[in-house]
Structure formats: C-alpha cells, structure tokens
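Using the numbering used here, you'd call the opening residue of the sequence shown number 837 and step up by one each time. Ideal Cβ positions, reconstructed from N, Cα and C, are used throughout, including at glycine. No experiment lies behind these values; they were computed from the predicted model shown. Here is the structure we will look at, set down as structure tokens.
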Amino acid sequence: MIKDKVVIITGASSGIGEAAAKRLAGEGAKVVLGARREDRLKSIADEIVNGGGHAIHRALDVTSRSSNEDIVRLAMDAFGRVDAIFLNAGLMPSSPVSALKTDEWDRMVDVNIKGVLNGVAAVMPTFLKQKSGHILATSSVAGLKAYPGGAVYGGTKWFVRDFMEVLRMESAMEGTNIRTATIYPAAINTELLGTISDQQTADAMKGLYANFGISPDRIADVVAFALDMPEDTTVNEFTIGPARQP
Ligand code: NDP
837 MIKDKVVIIT
847 GASSGIGEAA
857 AKRLAGEGAK
867 VVLGARREDR
877 LKSIADEIVN
887 GGGHAIHRAL
897 DVTSRSSNED
907 IVRLAMDAFG
917 RVDAIFLNAG
927 LMPSSPVSAL
937 KTDEWDRMVD
947 VNIKGVLNGV
957 AAVMPTFLKQ
967 KSGHILATSS
977 VAGLKAYPGG
987 AVYGGTKWFV
997 RDFMEVLRME
1007 SAMEGTNIRT
1017 ATIYPAAINT
1027 ELLGTISDQQ
1037 TADAMKGLYA
1047 NFGISPDRIA
1057 DVVAFALDMP
1067 EDTTVNEFTI
1077 GPARQP
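Given below as structure tokens:
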C-alpha cells in the first residue's frame, strides 16, 4: 500500500524525481521533496497540494550531510515517521577521460556517490528505530554496462549498484526490516543531458535520446510498484528503458 506512506524524494525538482513525486502523491503518499531549486520544488508541491495530495519541500544539497539530516527532520516533524527514501539526485556530465574534466569528475563523485551515502546516513537511524524502512536509489544502465564517455558517470552508478546490494544483504542478515530497490534506467527524457559540457558527447547523447527517449513517468511506475509490495517482499532491481533502444 502506498497510501499514507511518508516518502522523501531527492532530485525532486525535475525529471524522474518530479514524476515519482506526482505519481506517489496521486496514490495517497505524503511526499517530502528535496533538491537545490526551491522554486521548482514549491510549484510541484503546490500542484500536488492543490490537487488534494500531501507534499512538503525543503532546499536540499545532497553533498551536505547536514542538509540531508534537515530533510529527514522536516519529514519527522511534519508526519512523525519516514517510510521510504528515494535517492535519485544525480548528474551526468559525461566526457572522454582524455578531456580531463576533473571538476566534473569530482562533482559526479560528490552528488552521485556521496549524495547517496549522505542520504542513507541521514535516514538510517530513523529506520532502525522504526524497525522498518525502504531505500530506493536511481543507478543507471551505465552502472551495468561500460560505454565510451561514461567512465566516471558509469563508475558512480556502479557504486550505487554495489552499495545497494550489500545493504540489502546486510539488512536481511541483521533483521532490520530495511528493504532496498535499485533502478537502472536507460534513455529517459529529462533535463539530465543539460549537465554535459563536452560537445561531442552532448551531440551523440542528444541523438540517442531524440531517437529513443521515453517518459520519466515509466520510472515513476516502477518506484510505485516497489513501494506497493507487502513488507515481506522486496523487489531488488529494475532495469527499464525504451523498448527500441539497443
Ligand atoms: P534531471 O536533471 O531532470 O534531474 C536531476 C535531479 O537531481 C534534479 O532534481 C536536480 O535538482 C537534482 N540534483 C542535482 N544535484 C543535486 C544536489 N547537489 N543536491 C540535490 N539535488 C541535486 O535528470 P533525471 O531525472 O534524469 O535524473 C535523476 C536520476 O536519474 C539521476 O541520478 C540520473 O543519473 C539518473 N538516470 C537518468 C537517466 C536518464 O536517461 N534521464 C538514465 C539513467 C539514470 P536541482 O538542480 O534543483 O538540485
């Protein structure tokens, strides 16, 4: 049951996070939206609330541990519990290694890896106290399969895969009742390509997405599917993308 679940969503200001927020709120979840662009969060939350749903928001920078703690505190103060967190914030400034875009490498490590760790660290004490919780994360097909231009991005998403799988195993062994779900999307039409500064990579990606890209609503569907599972069941992994993308 999704109804009345309290779900924190990172990267909720656009794309997959926005789609998940609207979908879950539409099914009666109380969503807590985080990202840096607060104006975007506000208009998404207003739309949900005006439609009769429950949504609150807070500016969040996932690279800051205290910012992650703040959003968990906001959820607890507003709703008294947290049932799930969707660790979705990310960026993809892909480029060949030889371009040495070292600032972008750092940024991907900070947001895509440390952002996930910070989110888990912030919510875990609450989940352990509640003796239940659900952690969902957006990896990527780039975390499953290497491709030229995706060395650092793919590496960060591979990290998410490995971390989430170990978390699942440890949670089962420790009996903490914390479930995990990792999502591996292929080409989804969002604002993500805007983070690519390398012209050749950007052009190639734009062509791919123009040919194949599908709606972020499809990722929202699998987030809802995972959250809807009864407590004794975990859906661990979803690989999902355009039917026509090779
Ligand atoms: P968008 O660019 O639309 O969304 C990215 C989100 O991440 C935004 O809400 C952005 O919000 C947020 N974000 C970025 N940096 C930070 C930060 N430091 N702190 C908090 N939030 C941050 O792209 P998508 O919806 O596609 O991306 C969502 C996830 O899906 C990412 O992890 C991406 O890697 C993954 N993914 C996407 C695929 C695709 O084809 N679109 C394929 C595979 C995986 P703001 O700028 O307001 O902070």
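Taking all protein chains shown into account, Y983 has fewer than 16 neighbouring C-beta atoms within 10 Å of its C-beta and is therefore exposed. Inclusion of S849 and P929 in the CB contact set at 8 Å is not warranted, their separation being larger than that value. Counting C-beta pairs with one atom in each stretch, the segment 1046 to 1061 and the segment 870 to 879 have fewer than three that are closer than 8 Å, which means they do not touch.
C-alpha of A914 to C-alpha of M1005: approximately 31 Å in a straight line. CA-CA distance, G888 to T1070, rounds to 30 Å.
Straight-line spacing of the CA atoms in M1000 and N954 works out to 14 Å.
Here E1001 carries a helix assignment [DSSP, helix/strand/coil]. Inclusion of N948 in the 7 Å shell around ligand 1 follows from its C-beta lying nearer than that to a non-hydrogen atom of the ligand. For K866, the uninterrupted beta strand (DSSP E) run begins and ends at 866 to 871, by DSSP. Within the same chain, S849, A895, L896, D897 come within 8 Å of R872 by CB-CB distance, once the 5 residues on both sides are set aside. Look at the beta carbons and you see the segment 1011 to 1030 touching the segment 961 to 968: at least three pairs across the two are nearer than 8 Å.
Taken in chain order, the complete beta strand (DSSP E) segments of 3 residues or longer contained in the segment 959 to 1022 are 969 to 974, 1014 to 1021. Bounds of the beta strand (DSSP E) holding T846 are 842 to 846. In this structure, A1060 is the residue among F1074, L1028, A1060, P1066 with its C-alpha nearest to the C-alpha of K858.
Of the candidates R917, R1080, N948, M837, R917 places its Cα closest to the Cα of V868. Residue environment: S976 is assigned as buried (16 or more neighbouring CB atoms within 10 Å of its CB, all protein chains considered).
By the neighbour-count criterion, in which 16 or more other beta carbons inside 10 Å mark a residue as buried, A1079 falls on the exposed side. Remark: C-beta atoms of I844 and I907 approach each other more closely than 8 Å.
In the three-state scheme derived from DSSP, where H, G and I count as helix and E and B as strand, L1063 is classed as helix. In this structure, G851 is the residue among E1067, G851, G1043, T992 with its C-alpha nearest to the C-alpha of E1027. Around F995, the same chain offers I949 as residues with beta carbons nearer than 7 Å, after the five sequence neighbours per side are excluded. Note: I884 is not bridge-paired with any residue in the DSSP secondary-structure output. Collapsing the DSSP output to three states places I1055 in a helix.
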